[in-house]
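The next block holds one structure in the form of structure tokens; read it before the comments.
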Amino acid sequence: MNAATSGQMLLAFWRQRDRESPWGRRLLIALTLLGLGASLYAAPGLWAAVLAGSATLALGGLWTAVAGSLLTQNHPHAARFVPGHLRQLRQAALSAWAVLSLACALLVWAAFERLPSFPALLLIVAATLAFAAWALRAWALWFVLSFGPALFFAFGLDRRLAPLWAALRELWAAQTGPVLALCLLGLAWSITRLFGNGDAAHGAGYAARARMRRAAREGATGHRGGLATFGRPGEWLGRPFERAASAWLRHVLARARPTPASVMQRAEIVLHGQQHWLRQALAVLLALAIAALSLGTVAALGGLGKAWTHGAFGMAIGLASMGINPSFALPGMLWHGRREQALLQLLPGMPQGAAQNRAVAWLQLRHALLAWTLTTLALAPLAWAADDPALLCLAFGALPLSAAWLLRAPAAMRAPSSWTAVLPVLAFLLLAWGLYAAKRQLGLPLAALAGLSVGASLALGAWRWRRVCRAPRPLPAGRLG
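Following this line, the structure appears as structure tokens:
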């Protein structure tokens, strides 16, 4: 009975999948298989390594899915009032962790050469899976993973802890078996501590994770719940954003006039919600401050030149995504604010008919064009520093999509889904990568690619603008969808 119950717990993540929207999973599987096939074709002599690495990543993904499902099943009421429930959860988690750790270690050890000994590899894999499980429970651990290594070397802790590291290596070499057993026991104990026993702390933590899961589901449709979703740390980080938004709201209300410009300035707060330009600007400033801190750390370590050379494309992708992707979420924000939009119709000075179509469309397009311009200006010095002008193609790929995606009739839109949130981002990445490859591999002039992007954007924009102006009144959004 216990084995059957544990099996039901471990398989719950698969049985609770969304059966009504399977296309996202199918697309992900198709892209994964396509990437695997391309890797096997490009490296015919490394089939064993590619297959083993892919299988290891798949098992790691399976562990995160199982651990997340078990944490969801660890409801405070069930842990407190259902006899044996907490024990079975811990047993199921320990079994899955042990089996998957051993399987991943065996795959990597058998397929790759010049690796540490199998005991060391097993310990590394087991610790990695345990950390992943704990990061699912405490999201702040991802900050440790993101900034911990850079700060570790920046403060010279590698040199200060060198004697301790040498002593640990000697202990490992002399007593490998006992040290491995002791470390694995400690990791196993940490796996059991993932699950709460139904007390007040457990209830608060479970409620916080439930809010994050709900925000993730809503985020898949373009709705953003704000940083308060992440609990007290999120509230602390989001406090400057909320104060700035409140100050801007007071400023706009104090200067309110019955003119179209003043009305649309107030309407923008409702129509764009969490994607309002002020919130986006503050988020960009925060991200740039973090990036500057990271680059300063790398410069202090003497590796800034290599970072520009080898990491320019990755930094450009991150910069372009941060600057352009929020614009693709603006139509979804119209849907989520449709209840308030009915009240906006009563504001004195609100444009009506075709004038309202033009006002709302220009509000969307202006936001996207400003974000695109600032992103392009930010990509230019990065391309110059990396001596890679092709990085500007990332901006060229976003311009036609902005014109095509944003200039739509809001009244006829349907409820956003995860697919509508992912589609423009995926199309942007594919088009940007295609233009980048055309510049690097085919040697096409950058001016020609820029002209092609601008020409296509103007043509699409003119066509969509005429259609939007002839469409029914845009607000409330989705009433004809």
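Going by numbering that gives the first Met the number 0, the sequence shown wraps up at 480, each residue one higher than the last.
Ideal Cβ positions, reconstructed from N, Cα and C, are used throughout, including at glycine.
Please state the DSSP three-state secondary structure of valine 283. Position 284 of the sequence shown, counting from 1, holds the residue named residue 283. DSSP places valine 283 in helix when its eight states are reduced to three.
Top-ranked residue by Cα proximity to glutamine 355, from Cys468, His335, Ile316: For the purposes of this step, residue 355 is identified with residue 356 of the sequence shown, where counting begins at 1. Relative to the Cα of glutamine 355, the nearest Cα in the group Cys468, His335, Ile316 belongs to Cys468.
Contact check, serine 393 vs alanine 315 under 8 angstroms by CB: the rounded distance? As a working note, residue 393 is residue 394 in the sequence shown. As a working note, residue 315 is residue 316 in the sequence shown. Position check: residue 393 holds leucine in this sequence, whereas serine was assumed. Yes, leucine 393 and alanine 315 are in contact; Cβ-Cβ is about 6 angstroms, under 8 angstroms.
Exposed or buried, serine 245, counting other C-beta atoms within 10 Å across all chains shown (16 or more means buried)? Here residue 245 corresponds to residue number 246 of the sequence shown, with the count starting at 1. Classification of serine 245: exposed, given that the 10 Å Cβ count is below 16.
Would you check if there are 3 or more beta carbon pairs closer than 8 angstroms linking the region 413-425 to the region 330-344? They touch, by the three-pair rule.
Could you check where the alpha helix (DSSP H) with arginine 89 kicks off and where it finishes? Position 90 of the sequence shown, counted from the first residue, corresponds to residue 89. Unbroken alpha helix (DSSP H) run through arginine 89: 84-110.
When the Cα atoms are used, what is the spatial distance from alanine 119 to tryptophan 108? Here residue 119 refers to the residue found at position 120 when the sequence shown is read from its first residue. Here residue 108 refers to the residue found at position 109 when the sequence shown is read from its first residue. C-alpha separation (whole angstroms): 10 angstroms.
Decide yes or no for the touch test of the region 70-83 against the region 194-201: beta carbon pairs closer than 8 angstroms, at least 3 of them. yes
Leucine 69 and methionine 8: beta carbons closer than 9 angstroms? What you label residue 69 is simply residue 70 of the sequence shown in a count that begins at 1. What you label residue 8 is simply residue 9 of the sequence shown in a count that begins at 1. For leucine 69 and methionine 8, yes; Cβs fall inside 9 angstroms.
Does arginine 79 come out as helix, strand or coil in the three-state DSSP assignment? Along the sequence shown, one-based indexing puts residue 79 at 80. The answer is helix: DSSP assigns arginine 79 an H, G or I state.
Between the Cα of proline 259 and the Cα atoms of Arg365, Leu346, Pro162, which residue gives the shortest distance? Reading the sequence shown from its first residue, position 260 is the one you call residue 259. The option with the nearest alpha carbon to proline 259 is Leu346.
Alpha helix (DSSP H) containing glutamine 355: first to last residue? Locating residue 355 in the sequence shown gives position 356, where the first residue counts as 1. Per DSSP, glutamine 355 belongs to the alpha helix (DSSP H) from 353-385.
Throw me the rounded Cβ distance for the alanine 476 and glutamine 340 pair, which I believe falls under 8 angstroms. Taking the first residue of the sequence shown as 1, we reach residue 476 at position 477. Taking the first residue of the sequence shown as 1, we reach residue 340 at position 341. With 8 angstroms as the limit, alanine 476 and glutamine 340 qualify as a contact, their Cβ atoms being about 6 angstroms apart.
Just to check my reading of the structure: valine 65 and alanine 95 have Cβ atoms closer than 8 angstroms, yes? What is that Cβ distance to the nearest angstrom? Residue 65 sits at position 66 when you count from the first residue of the sequence shown. Residue 95 sits at position 96 when you count from the first residue of the sequence shown. 5 angstroms between Cβ atoms; contact.
Under 7 angstroms Cβ to Cβ from alanine 54, same chain only, skipping five residues before and after it: list those, please. Indexing the sequence shown from 1 puts residue 54 at position 55. Contacts found: Leu106.
Which residue spans inside the region 375-459 form an unbroken alpha helix (DSSP H) run of at least 4? Within the region 375-459, the complete alpha helix (DSSP H) runs of at least 4 residues fall at 392-405, 417-440.
Run through DSSP, which three-state label would histidine 74 get? Here residue 74 corresponds to residue number 75 of the sequence shown, with the count starting at 1. Three-state DSSP puts histidine 74 in coil, outside helix and strand.
Excluding five sequence neighbours on each side, which residues of the same chain lie with their C-beta closer than 7 angstroms to the C-beta of leucine 479? Indexing the sequence shown from 1 puts residue 479 at position 480. So the list reads Ala410, Ala411, Pro471, once near-sequence residues are dropped.
The ligand HEM heavy atom lying under 8 angstroms from the CB of glycine 477: Of ligands this structure carries none, so the ligand HEM is not represented either.
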